[in-house]
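The structure under discussion appears below in the form of structure tokens.
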Amino acid sequence: MKNERKVLRNKSILLGITGGVSAYKSIDLIRRLREEGALVTVIMTEAAKHFVTPLSLEVASQNKVFSDLYADTMAHISLPAGADIMVVAPATANTIGKFAHGIADNLLSLSFLSFKGKVVMAPAMNWRMYENPVFRKNLDTLLNLGVIQVGPEKGSLACGEEGIGRMAEVPDIIEATKGALTINDLADENILVTAGPTREYLDPVRFLSNRSSGKMGYALARAALRRGAQVTLISGPSSLPQPKGVKFIPVDAAGDMHSAVNRELVSSTILIMSAAVSDFMPAEKSGEKIDKTGKLFLKLTATPDILSAVAKKKNRPFIVGFAAETGRKLEKARKKLKHKNMDLIVFNDVTEAGSGFDVETNKVVLIDKKKESELPLLNKDDVADAILDRIVELRA
Ligand code: CTP
Numbered sequence: 003m004k005n006e007r008k009v010l011r012n013k014s015i016l017l018g019i020t021g022g023v024s025a026y027k028s029i030d031l032i033r034r035l036r037e038e039g040a041l042v043t044v045i046m047t048e049a050a051k052h053f054v055t056p057l058s059l060e061v062a063s064q065n066k067v068f069s070d071l072y073a074d075t076m077a078h079i080s081l082p083a084g085a086d087i088m089v090v091a092p093a094t095a096n097t098i099g100k101f102a103h104g105i106a107d108n109l110l111s112l113s114f115l116s117f118k119g120k121v122v123m124a125p126a127m128n129w130r131m132y133e134n135p136v137f138r139k140n141l142d143t144l145l146n147l148g149v150i151q152v153g154p155e156k157g158s159l160a161c162g163e164e165g166i167g168r169m170a171e172v173p174d175i176i177e178a179t180k181g182a183l184t185i186n187d188l189a190d191e192n193i194l195v196t197a198g199p200t201r202e203y204l205d206p207v208r209f210l211s212n213r214s215s216g217k218m219g220y221a222l223a224r225a226a227l228r229r230g231a232q233v234t235l236i237s238g239p240s241s242l243p244q245p246k247g248v249k250f251i252p253v254d255a256a257g258d259m260h261s262a263v264n265r266e267l268v269s270s271t272i273l274i275m276s277a278a279v280s281d282f283m284p285a286e287k288s289g290e291k292i293d294k295t296g297k298l299f300l301k302l303t304a305t306p307d308i309l310s311a312v313a314k315k316k317n318r319p320f321i322v323g324f325a326a327e328t329g330r331k332l333e334k335a336r337k338k339l340k341h342k343n344m345d346l347i348v349f350n351d352v353t354e355a356g357s358g359f360d361v362e363t364n365k366v367v368l369i370d371k372k373k374e375s376e377l378p379l380l381n382k383d384d385v386a387d388a389i390l391d392r393i394v395e396l397r398a
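So for the sequence shown, the working numbering puts the first residue at 3; every next one is plus one.
Have a look at this one:
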């Protein structure tokens with residue numbers, strides 16, 4: 003795809019794998035990093051070899067796997083020197099303890115000491131160890147030094163117990179790695195993103211809704227987070243995973259979304275209304291399931307126009323709206339920008355190939371008071387970054 007902006011493309015990632023059960027996930031992590039265009043070099047500890055074989059990692063990374071300090075005497079200097087970022091996943095309590103105290107008794111801990119870039123770490127262990135004050139102290143030492151932590155999660159642990167300690171999922175580790183490699187040009191912004199459809203109920207089981215998947219809004223939330231913003235994501239029903247690190251507020255109907263936006267607005271500098279808010283709702287909602295008796299005539303009434311209401315407020319944030327049209331109705335979008343008093347509108351023609359609902363791509367035109375930019379067909383992550391780039395320009 004043209005103009006693809008992959009944060010990880012040609013980035014050299016030094017992946018440390020230590021001795022935890024979740025080391026098997028490293029194969030998938032390597033595969034996904036390589037799909038994003040990264041070059042992965044693995045350093046594994048001896049303990050990690052109990053959980054995953056060097057050969058599997060060599061095949062997955064298409065690269066030599068390092069672990070013996072004395073087999074490659076200068077590797078602890080040359081590997082970190084050539085890396086853009088270091089990722090340690092899983093990171094055991096033992097390795098975190100060593101890192102925190104400058105103990106350098108294997109290739110990985112030595113490499114950590116000689117590495118000058120950012121380090122992303124995905125701790126994984128039993129919850130008792132994770133909550134242990136000695137471990138917490140070590141972890142805090144590293145966090146205070148700027149090490150970036152991702153996970154762990156709550157859930158069923160390898161030992162059969164439930165609790166916190168599961169290694170973060172691979173997409174979250176990838177996201178944290180991308181974030182670490184991205185310039186924080188939105189660090190001063192507090193961004194409120196709405197996403198997905200809304201549901202307007204006729205009765206307790208039936209509703210009016212639309213085909214929005216939430217993909218564009220979730221991509222915007224993730225991209226903004228990566229670029230250092232504080233992000234609140236107000237989402238209508240969506241099957242997408244909740245992005246880690248955002249304040250997530252699930253809502254159902256347009257009215258709920260409106261209330262949530264009003265509540266969160268106070269602290270927001272930017273509002274991105276990517277939700278496909280239903281324009282109509284049943285005029286009356288039946289408290290009980292409507293019986294199937296003859297014809298049913300629905301009386302609909304307009305939902306509150308969230309964007310317009312916010313745009314009328316005195317201390318309003320910077321407002322980005324969307325215009326999903328059937329056909330290339332750019333003039334309609336230009337008018338909408340004006341009469342809804344938006345700062346930027348993102349136009350897309352949902353009938354165009356690759357631009358419809360529930361697809362990974364989008365082809366948009368960004369329209370503001372000064373400029374119109376037509377973007378090529380891009381994946382939604384790249385569209386999100388292009389929208390944020392324009393916001394940054396307009397707010398400069
Ligand atoms: N929007 C909103 N509240 C609504 C409806 C839409 O805040 N009740 C927001 C959407 O999130 C989107 C923008 O307004 O950012 C879309 O504007 P709108 O005029 O509603 O678009 P359409 O539904 O396409 O309207 P029309 O049929 O008038 O073109």
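Virtual Cβ for every residue (Gly too), placed ideally from N, Cα, C.
Please read these numbers as outputs of a predicted model, since none were measured by experiment.
Legend entry - Neighbourhood of residue 189 by C-beta distance below 6 Å, restricted to the same chain and skipping five residues each side: Here the set comprises 230.
Legend entry - C-beta atoms of residue 182 and residue 150 nearer than 8 Å: Yes, Cβ-Cβ distance for residue 182 and residue 150 is below 8 Å.
Inset, instruction - Out of 120, 164, 186, state which residue places its alpha-carbon closest to the alpha-carbon of residue 130. - result: Nearest option by C-alpha distance: 164.
Inset, instruction - Compare the C-alpha of residue 236 against each of 82, 200, 351 and name the closest. - result: When only C-alpha atoms are compared, the closest one is 200.
Inset, instruction - May I ask you to check if the CB of residue 53 is nearer than 7 Å to at least one heavy atom of the ligand CTP? - result: Not one heavy atom of the ligand CTP falls within 7 Å of the beta-carbon of residue 53.
Legend entry - Top-ranked residue by Cα proximity to residue 251, from 234, 242, 241, 257: Restricting attention to 234, 242, 241, 257, the CA atom closest to the CA of residue 251 is found in 234.
Inset, instruction - May I ask you to check if the CB of residue 308 is nearer than 7 Å to at least one heavy atom of the ligand CTP? - result: Yes, Cβ of residue 308 sits closer than 7 Å to a heavy atom of the ligand CTP.
Inset, instruction - Answer yes or no: the CB of residue 370 versus the heavy atoms of the ligand CTP, is any distance below 7 Å? - result: No heavy atom of the ligand CTP is found nearer than 7 Å to the CB of residue 370.
Legend entry - Outcome for residue 136 when other beta-carbon atoms lying within 10 angstroms are tallied against a minimum of 16: Residue 136 should be labelled exposed.
Inset, instruction - Determine, using beta carbons only, whether residue 370 and residue 332 come nearer to each other than 8 Å. - result: Their beta carbons are not under 8 Å apart, which means residue 370 does not touch residue 332 by this criterion.
Inset, instruction - Give the straight-line distance between the Cα atoms of residue 354 and residue 363, rounded to the nearest whole angstrom. - result: For residue 354 and residue 363, the distance between alpha carbons rounds to 11 Å.
Inset, instruction - Pull up the distance between the alpha-carbon of residue 305 and that of residue 262, whole angstroms please. - result: Between residue 305 and residue 262, the C-alpha separation is close to 15 Å.
Inset, instruction - Look up residue 306 in the DSSP assignment and give the residues it is bridged to. - result: As DSSP reads the structure, residue 306 sits in no beta bridge.
Legend entry - Proximal residues to residue 212 (C-beta, below 6 Å), its chain only, five neighbours per side dropped: Sequence-distant Cβ neighbours of residue 212 in its own chain, meaning closer than 6 Å and more than five residues away, are 199, 278.
Inset, instruction - Could you spell out where the alpha helix (DSSP H) holding residue 113 opens and where it closes? - result: For residue 113, the enclosing alpha helix (DSSP H) begins and ends at 109 to 116.
Legend entry - Proximity winner among 177, 157, 186, 104, relative to residue 147 (alpha-carbon distances): With distances taken between Cα atoms, residue 147 lies closest to 104.
Inset, instruction - Can you tell me which of the three DSSP states residue 127 falls into? - result: Here residue 127 sits in coil by DSSP.
Inset, instruction - With a cut-off of 8 Å on the beta carbons, I'd call residue 248 and residue 273 a contact; round off their distance for me. - result: Their Cβ separation, rounded to whole angstroms, is 15 Å, which puts residue 248 and residue 273 out of contact at 8 Å.
Legend entry - Distance cut-off 7 Å: residue 234 Cβ against heavy atoms of the ligand CTP: False, no ligand heavy atom lies under 7 Å from that Cβ.
Legend entry - Given residue 23 as reference, the closest of 336, 160, 383 once Cα atoms are compared: Nearest option by C-alpha distance: 160.
Inset, instruction - Drop a sphere of 10 angstroms on the beta-carbon of residue 241, count the other beta-carbons inside from all chains shown, and report buried for 16 or more, exposed for fewer. - result: Classification for residue 241: exposed.
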